[in-house]
Each structure stands twice: as C-alpha cells, then as structure tokens.
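Visitor: Input: one structure, supplied below.
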Amino acid sequence: MSSNVGLTTPRGSGTSGYVQRNLSHLKPRQHTLTSPYPLPSSATSSNTTQRLRQPDKSILEHERKRAIEVQCFALRDELEEKGELDEDEIDEQVDELRKKLAREGEERGTVMGAAKGLKRHQVHELAEAKLAENARMEKALGIASDYEEGSHWQKQAQRKIERELGGGGNGGSKNSDILRE
Numbered sequence: 463m464s465s466n467v468g469l470t471t472p473r474g475s476g477t478s479g480y481v482q483r484n485l486s487h488l489k490p491r492q493h494t495l496t497s498p499y500p501l502p503s504s505a506t507s508s509n510t511t512q513r514l515r516q517p518d519k520s521i522l523e524h525e526r527k528r529a530i531e532v533q534c535f536a537l538r539d540e541l542e543e544k545g546e547l548d549e550d551e552i553d554e555q556v557d558e559l560r561k562k563l564a565r566e567g568e569e570r571g572t573v574m575g576a577a578k579g580l581k582r583h584q585v586h587e588l589a590e591a592k593l594a595e596n597a598r599m600e601k602a603l604g605i606a607s608d609y610e611e612g613s614h615w616q617k618q619a620q621r622k623i624e625r626e627l628g629g630g631g632n633g634g635s636k637n638s639d640i641l642r643e
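With the numbering used here, letter number 118 in the sequence shown gets 580, and the count goes up by one each step, no holes.
Next up, the structure:
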C-alpha cells in the first residue's frame, strides 16, 4: 500500500485490496462562462427576469387531435363489441363524433384554462396555461403589455439627472460649469 490509500490490509475484507477510483460519480455542473452550456445572457445580467418557455403550437394541436382520436377509437371499439351495427354505420357514428369534437375544440380554443388537471410531463400545455394565467393577471393589475421590469428605476434616474442638469438656478454648481464648457 502506498500513501495510505485504501485498506491497510486486505485480510478479512473479501477483496484483493486494489483501489480504483469511482468512474460512475457525476460531478455537479458548474454554470460558468466556460461551461459547455452557459446560462442565457438574460440570466447572467443583473436583471434576472423569469422567462417562460413558449408552447409549441404544433405539439398542442397534435395532442388535441390525439385526444379526439382516442375518444373516436373508444366509441368504435364499444360499437364493434356490441355487434349490433355494420361497419358503415359504425364509421358514420365515429365520423359524426370526430366532427363534433373538432367543432367543440375550435370553439373552446387551444387554451385549456387552469393547469390543475395537467400532469408534469405535459410541458407545452402547462406553458400555455401559465401564459394565459399571466395575461389574466396583467389585465387584472392593469400592467401594460410592453412593461419592462425595472424600467421605473431607469426613468427615475433619468428624471434626477434632468433635474440636476436643467433645474439648478445657482451658477456655481459643477453641472452648470460643465455645460458652459
């Protein structure tokens, strides 16, 4: 044994005493500028606003169509098990249900409302529900859609500078001397 690594004696341990490093250990990621996946530039700035992921409309449309087809398949399966109708009549009823569900989906829109019934893996549906919730909250609070977080402080600092530069009546201030030069 060298440099006090491993067992002092392998006797009674059931091993040969050979020490290897753990290759399966994963080190925690360090988010730095040199990491392979750096943080977005907006997250590294002092203004750390929370950006929401935009839902993918094609995925939402696919999920809506899939839900319709699941209901149509359930009806077809139920009617085929009963055996009272022939294939053409089953097709007609399934097509009517499909058209009815498609109309209801278009009337209701793609926004599903509250995210209470959604599961964690339904990322795009959750994002869409969150955007709708944020829009309702902005409307309720009277926040403009073009509002930028922290803009109040910028406006306040700009007014202060304007007051210092333009409002001073005393001729001996440093700002008025700078303006004269």
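Where a beta carbon is used, it is the ideal one built from N, C-alpha and C, also for glycine.
By alpha-carbon positions, which one of Gly612, Gln516, Arg565 ends up nearest to Leu588?
Guide: Locating residue 588 in the sequence shown gives position 126, where the first residue counts as 1. Nearest of Gly612, Gln516, Arg565 to Leu588, Cα basis: Gln516.
Visitor: Check whether the region 478-493 and the region 549-566 touch, using three or more Cβ-Cβ pairs below 8 Å as the test.
Guide: Contact fails: fewer than three Cβ-Cβ distances are below 8 Å.
Visitor: Please list the segments of the alpha helix (DSSP H) lying wholly inside the region 556-621, counting only runs of 4 or more residues, in order along the chain.
Guide: Whole alpha helix (DSSP H) segments, 4+ residues: 585-603.
Visitor: Compute the Euclidean distance between the alpha carbons of Asp539 and His586, then round it to the nearest angstrom.
Guide: Taking the first residue of the sequence shown as 1, we reach residue 539 at position 77. Taking the first residue of the sequence shown as 1, we reach residue 586 at position 124. Going from the Cα of Asp539 to the Cα of His586 covers about 30 Å.
Visitor: Check whether the region 529-549 and the region 609-623 touch, using three or more Cβ-Cβ pairs below 8 Å as the test.
Guide: No contact exists between the region 529-549 and the region 609-623.
Visitor: Rounded C-beta distance between Leu514 and Cys534? I'm assuming under 8 Å.
Guide: Residue 514 sits at position 52 when you count from the first residue of the sequence shown. Residue 534 sits at position 72 when you count from the first residue of the sequence shown. Contact doesn't hold; Cβ gap of about 33 Å is too wide.
Visitor: Quick one: is the Cβ of Arg538 within less than 8 Å of any heavy atom of the ligand NAD?
Guide: Among the components of this structure there are no ligands whatsoever, and the ligand NAD is therefore not found.
Visitor: Please classify Ala597 as buried or exposed, where buried requires at least 16 other C-beta atoms within 10 Å of its C-beta.
Guide: For the purposes of this step, residue 597 is taken as the residue at position 135 of the sequence shown. Counting Cβ neighbours within 10 Å, Ala597 comes out exposed, since fewer than 16 surround it.
Visitor: Do Ala591 and Leu580 come within 9 Å of each other at the CB atom, strictly closer than that value?
Guide: Your numbering for residue 580 matches position 118 in the sequence shown. Your numbering for residue 591 matches position 129 in the sequence shown. Contact flag set, yes.
Visitor: Pull up the distance between the alpha-carbon of Leu563 and that of Tyr609, whole angstroms please.
Guide: By one-based count along the sequence shown, residue 563 stands at place 101. By one-based count along the sequence shown, residue 609 stands at place 147. The alpha-carbon atoms of Leu563 and Tyr609 are separated by roughly 39 Å.
Visitor: Can you tell me which of the three DSSP states His524 falls into?
Guide: Taking the sequence shown and counting its residues from 1, one reaches residue 524 at position 62. Three-state DSSP puts His524 in a helix.
Visitor: Looking only at C-alpha atoms, which of Arg473, Glu525, Glu600 sits nearest to Glu567?
Guide: Counting from one through the sequence shown, the residue named residue 567 turns up at place 105. Here the sequence assigns Gly to residue 567, which means Glu is not the residue at that position. Among Arg473, Glu525, Glu600, the Cα nearest to that of Gly567 is on Glu525.
Visitor: Note down the Cα distance separating Glu600 from Leu593, rounded to an integer number of angstroms.
Guide: Start at 1 with the first residue of the sequence shown, and residue 600 comes out as number 138. Start at 1 with the first residue of the sequence shown, and residue 593 comes out as number 131. Cα to Cα, the separation comes out at about 10 Å.
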